[in-house]
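Just add 313 to wherever you are in the sequence shown, counting from 1, and you've got my numbering.
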Amino acid sequence: MLPSRLMHSLKNRLKKQRQAQKKTKSTASNAQRSALSLQEQAAQASAAISRSGRSVNQLYRKLSGKTLDLAVKPKVIGDLPTISTEEGALTFYVLREYSRSNSILVDLQTKEHDFPPALVGVESPAFNINENAAIIFLNHPNADGRKVSPRLARLVTACRENPAIKINLVPVSILWGRAPDNEDSLFKLLMADNWEEPSITKQLFNIGMMGRDTFVQFHPPQSLHDLIDSLSTPSTNSTEQSQQLTQKLFDAVDLKDSELSNSDRELLLQAKRNVEANGLSTSTALVTASEANFSLALLVQHKLNAYLDSQRQSMIGPDLSDRRNLVDKLINSPAINYACQKEAEAENISFDEAKKRARGYINEIANDYNYSVIRFFYRFLTWLWTQLYDGIEVHHFEQVRELATTHELIYVPCHRSHVDYLLLGYVIFEKGLSLPYVAAGNNLDVPVLGPILRNAIAFYIRRSFKDNELYKAVLREYLHTLIQRNTPIEYFIEGGRSRSGRLLPPKLGMLSMTVHSHLRGSNKPMAFIPTYIGYERIMEGGTYIGELKGKPKESESVLGLLKVSRKIERIFGHVHLSFGTPLLMEDFMEKFDVEPNSLPADRTDTPLSKNAMAMVDNLGVKIMQNINKAAVVNPIALLSLVLLSTPKAALDEDSCREQLALYQRIAHGSPYSESTIITDMSPQSIIDYGIKLKLVERTPHILGDMIKVLPKQMAILSYFRNNILHVFIMSSFLASLVYRNGRIQREHLESIVTQLYPFLQSELFLYRAARNLPDMIDEKLNNLIEQGMVVDLGNGVIGTPEKNSEQYQQLDMLATPVSQSLERYFMSLALLAQQGSGNLTAEQVVDLCHLLGQRLSVLYADDIPDFFDRALFTSFLNTLIRLDYVQNDPETGVLTFDERINNIARHAHYILNPDIMQILQHVATLDEDEINHAISEINNKKLSKFSRKR
314 MLPSRLMHSL KNRLKKQRQA QKKTKSTASN AQRSALSLQE QAAQASAAIS RSGRSVNQLY
374 RKLSGKTLDL AVKPKVIGDL PTISTEEGAL TFYVLREYSR SNSILVDLQT KEHDFPPALV
434 GVESPAFNIN ENAAIIFLNH PNADGRKVSP RLARLVTACR ENPAIKINLV PVSILWGRAP
494 DNEDSLFKLL MADNWEEPSI TKQLFNIGMM GRDTFVQFHP PQSLHDLIDS LSTPSTNSTE
554 QSQQLTQKLF DAVDLKDSEL SNSDRELLLQ AKRNVEANGL STSTALVTAS EANFSLALLV
614 QHKLNAYLDS QRQSMIGPDL SDRRNLVDKL INSPAINYAC QKEAEAENIS FDEAKKRARG
674 YINEIANDYN YSVIRFFYRF LTWLWTQLYD GIEVHHFEQV RELATTHELI YVPCHRSHVD
734 YLLLGYVIFE KGLSLPYVAA GNNLDVPVLG PILRNAIAFY IRRSFKDNEL YKAVLREYLH
794 TLIQRNTPIE YFIEGGRSRS GRLLPPKLGM LSMTVHSHLR GSNKPMAFIP TYIGYERIME
854 GGTYIGELKG KPKESESVLG LLKVSRKIER IFGHVHLSFG TPLLMEDFME KFDVEPNSLP
914 ADRTDTPLSK NAMAMVDNLG VKIMQNINKA AVVNPIALLS LVLLSTPKAA LDEDSCREQL
974 ALYQRIAHGS PYSESTIITD MSPQSIIDYG IKLKLVERTP HILGDMIKVL PKQMAILSYF
1034 RNNILHVFIM SSFLASLVYR NGRIQREHLE SIVTQLYPFL QSELFLYRAA RNLPDMIDEK
1094 LNNLIEQGMV VDLGNGVIGT PEKNSEQYQQ LDMLATPVSQ SLERYFMSLA LLAQQGSGNL
1154 TAEQVVDLCH LLGQRLSVLY ADDIPDFFDR ALFTSFLNTL IRLDYVQNDP ETGVLTFDER
1214 INNIARHAHY ILNPDIMQIL QHVATLDEDE INHAISEINN KKLSKFSRKR
């Protein structure tokens, strides 16, 4: 054993060591606790600062939002999209440029429309997403040197790492005013929205000056996963157009022609190569995962930028040159230089003199766009429409919006009134697309009105310039310049206003120039937008009736404007604009085998090929047919159709209601077209509405009230009836055949319809092809059988209802609308047959038919002037020539024909009342002296009219 002293010494030493170890552990533990406490305190402080920062941000956003809400009253354009509320789906709003005011404005709008909020944090712990706001700025000031939006880059990375994540991007366009950028404006930094990045100064200027002229559009959501897929491998779900757009966005040639800097262009091309090389796999064999994510984010950003740029251009239009620069560019273009050289040679003048003439023509034609005038017009017309109309109804506009970013738009409306110019432009602007330039006749270039329209939407063209080659070259080059700049264009395909309410035959001059320009080269595919315009009352109604009766056309003047202004306090009901199915130029070029870029770019006088001319003819007819397909059967037009089908334009109220309801059922049971709109007003409401507009009146009677057309309103109601006559014409034709014959074999009925249908088709621009007639006849007959208007007697025989029944009386009225057209046909055929082959020219036949129709209308009808409209006789005669029933000698203009004329006329016995046929035959019988006298008087009248014009 060790000595006790030694043992005691060892115990003390061990004790001291244990105490030292314990003290060391305690010190370390205290230090550790102290360190943890500091970390916790720091974290708590950081959280407090974060909460404080968020509170400050929230307070700032709240105050800014309230201030902005007072100063800015934005208008949302376009239809609001449906944003997914699916659980787990994350929504981000995409803006092109960084802007505090824009982000607050978007946040206010998302709250107003119950969208996911824009300035609230977006968190998804499962996918490691924690963003403090739901807005992506594509051009963010905090982007790194390679110019990728930080938030978009993070979201792209999250999508690649987590296939299950659902992220929807909602592109948003915000316009502070809608003035196109002016290439030479000294004030463009202080002008309304253009293509410049908004500085803080400009944002404040916009809020102060443009707050009441602000537009917001939320575009359809796009899945970020789908965007990524579209940029990697072609998706089976993506459309061919989408794939072509993606390819075009990243094509080296297109990028070279874009406005990107060389470094940005090379960065995009390198990103594309990276994505293609990596195949979007997670392998890092070729490029790192982070580099692949960056490349993909850059491509997604470029595609979103291109999308918002195209949407923006569709709303504000292309950049503008001022008028002086535009004139200088045109006058020095190769095409105009060549045309001036030809003019100098042909007119024996100097080249400089020819240039001077060309400059005068350009100044005479060119628009001088001024956004201040546009804003004035917008406010003035907003007030004016509320004074004139109960409302403006717009149909099928979204199909136009879908094409606006990808196509050059050519609006081709029907022409009912001078109001059309302003109304269509107003609606397009109101709906958020850029205004089209309107080809207006120089008859509108009158003092006061002319310059104002030129500063807004109009460029002026002469009514006739057939023999002026230099003027023609200047107009073609001006139109080509507009198309090359992707400026929307509008012209009235009929050439002038319809006085009868029917569509006029298309005038192909402007259409031919448009096609000519496209074949010289284009930046975008082209789409024609047929547009139906329908009124319930019309300002020029009285003037139209007078002109149809032979009064000279009134010239536009300041006095005329003052006369129109007196009507502002009157109510003109509703006006309807219905956009028809667009017609794509590329479809017609493929159909007629016309090659793109087939005309030289530096010439305006190269003639169209035979195929191209046939294409223009067909395109003109298809435009008219699509206008009629988009027709709106409004209450006044329907009421006119019913009342003018009665002998005295009057009907007891109960019968009137029943007939209105019948026409509505017929229109719904066998629709003219899926684009046709039928009024949903009840029959009683339609009658009351006609009384409100002072077109018809209710006459009390002990046996039941009567509804009749007011005195002097019958002619104008025929105008509105003719707007929709094509919708019911085939039902009326079939009803007429059954009613006049009592019973008729289906086979016989079909043969009569087949022979006469081309004439109705030509007059009313019916779109159903003759080869489809059997199916259409079955459809219409089955509908009439279902409505109880005709009876299927079996064995292929169709008959009328019981003669004393209500249905029989309704059938009588239904058979009436087609009668006027058939009476015109029979009268024309009777005149031809009575005068004999080889005795009259086409012009003489039309003139004589006009006189006979005028006489018949006064003596036997109700003096409705559209019965003797020259355009209708011309259409009938042209169809006879086209179908080779009549031949027109090219040298003498004399018409020849054979006995087939009588074969057509014989069908009249199955359709027209024998008394009417006898009257027509009598009226059409003219001896030689009467013919010569009539022709002489007509020629004298034409010479006098021509002299007045000169």
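Even for Gly, the Cβ is constructed at its ideal location relative to N, Cα and C.
Can you list, in chain order, the residues of its chain with a C-beta nearer than 7 Å to that of residue i? Leave out the 5 residues immediately preceding and following it.
i, result
"Q1133", "F1180"
"G704", "H887"
"L643", "I649, I675, E790, Y791 and T794"
"Y620", "P484"
"F531", "L393, P394, V483 and V485"
"R1081", "M1089"
Quick one: residues in its chain with C-beta nearer than 6 Å to the C-beta of residue i, no 5 flanking neighbours on either side, listed in chain order?
i, result
"L832", "S911 and L912"
"N755", "Y773 and R775"
"V529", "P387, V389, Q422 and I487"
"P454", "Y411"
"R1084", "none"
"A667", "C653, E656 and A657"
Reducing DSSP to helix, strand and coil, say where residue i ends up.
i, result
"H889", "strand"
"A944", "coil"
"P647", "helix"
"V461", "coil"
"G859", "helix"
"G1206", "coil"
"A753", "strand"
"L964", "strand"
"K908", "Per the sequence shown, the amino acid found at residue 908 is Glu instead of Lys. Coil, per DSSP."
"L1124", "helix"
"Q530", "strand"
"F710", "coil"
"E721", "strand"
"S995", "coil"
"Y702", "coil"
"G822", "helix"
"A679", "coil"
"Y791", "helix"
"I390", "coil"
"E853", "coil"
"G673", "helix"
"V1104", "strand"
"N1201", "strand"
"Q1058", "strand"
"I1000", "helix"
"R1084", "helix"
Hey, out of the options, whose CA is closest to residue i's CA?
i, options, result
"F901", "A769, I936, S1141 and I1037", "I936"
"G753", "Q654, Y804, T719 and G738", "Just to set this straight, residue 753 is Ala in the shown sequence, not Gly. Closest by alpha carbon: Y804."
"A927", "K904, A944 and A914", "K904"
"A963", "L748, A402, S1064 and L1023", "L1023"
"L1077", "F1186, R815 and S627", "R815"
"H1039", "R637, H615, K942 and L746", "K942"
"A1146", "N1215, A1082 and P960", "N1215"
"R409", "A446, S462 and R473", "S462"
"I858", "L952, Q1026, D733 and Y784", "Q1026"
"R688", "N768, P631, V713 and R637", "N768"
"F428", "S397, S414 and I442", "S397"
If residue i sits next to residue j, beta carbons under 8 Å apart, how far is it from one beta carbon to the other, in whole angstroms?
i, j, result
"V725", "T919", "Not really, about 24 Å apart at Cβ, beyond 8 Å."
"A1128", "S1049", "4 Å"
"V588", "S608", "5 Å"
"L537", "I480", "4 Å"
Grab me the residues of residue i's own chain with a C-beta within less than 8 Å of its C-beta, minus the 5 sequence neighbours each way, in chain order.
i, result
"G1055", "G1112 and T1113"
"S347", "Reliability of the predicted coordinates at S347 is poor, the pLDDT of 49 falling under 50, and no value is obtained from them."
Go through the stretch 1127–1168 residue by residue and report every complete run of the alpha helix (DSSP H) that reaches 4 residues or more, in order.
1132–1148
Extract the residue ranges of the beta strand (DSSP E) inside the stretch 397–481, only unbroken runs of 3 or more that lie entirely within it.
DSSP assignment within the stretch 397–481 yields the following whole beta strand (DSSP E) runs of 3 residues or more, N-terminal first: 402–410, 435–437, 442–444 and 448–452.
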